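Everything below concerns the one structure shown next.
In this note's numbering, the protein residues as written are 2 to 197.
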């Protein structure tokens, strides 16, 4: 094939789109798939995406936007502030002997370009701001990731993390900044993004 296949732009879905087999409905729609695939919000992979959604909602980036799964950064504000969202929790969806140790990965990475299908040559941090989202609730019976008051958020400029550091634990994070509540997240990101 001589002509390059261009990237496909995703379109916003409603959940009502139906699955078909030879143009006949099979009795499932896209909402059924979403329920089946991401109902376990406590699982690490889904919780990470959900944390991005929480931050996006605080920044008014949810309506009419689609998550860019392979982007060099997770979110970008209307002011151009690029954000990496990290997530952790004390309680997991599996059996535990004790609460999880809170450690966030912050290692530099190579960006992938969707249009050219090529990786950048150098690893680096591609964002202005990191938002560390901690599902802080410690009671298995009442944990509910949908209750945003069970989360706390730590916002730091990328420059505060140091170039060599690959992970950061909760204590180190708390030594660098205080947590902010959901309703203060946007103003904190905006203020740090301007200086970061």
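Think of the CB as a built atom: it goes at the ideal place given N, C-alpha and C, for glycine as much as any other residue.
For clarity, every value in this text was computed on a predicted model and none was experimentally measured.
The continuous alpha helix (DSSP H) containing residue 57 extends over residues 45 to 59.
Residue 114 sits in a strand when the DSSP states are folded into three classes.
Contact annotation: residue 92 and residue 152 have beta-carbon atoms that are not nearer than 8 Å. In the displayed model, residue 183 falls within a helix according to three-state DSSP. Closest option to residue 187, judged by alpha-carbon separation, among 164, 157 and 90: 157.
Annotation for residue 98: no alpha helix (DSSP H) segment contains it, and DSSP assigns it neither H nor E.
Look at residue 39 here: in three-state DSSP terms it is helix. Per DSSP, the unbroken alpha helix (DSSP H) holding residue 173 starts and ends at 171 to 177.
In this chain, the beta strand (DSSP E) harbouring residue 19 covers 19 to 22. Taking C-beta atoms as the reference points, residue 46 and residue 73 fail to come closer than 8 Å. Per DSSP, residue 28 is one residue of the beta strand (DSSP E) stretching across 25 to 30.
Residue 130 has its alpha-carbon roughly 14 Å from the corresponding atom of residue 79.
Cβ-Cβ distances below 6 Å link residue 169 to 105 and 107 in the same chain, with the five nearest sequence neighbours on each side left out; the list follows chain order. When DSSP states are grouped into helix, strand and coil, residue 168 belongs to the strand group.
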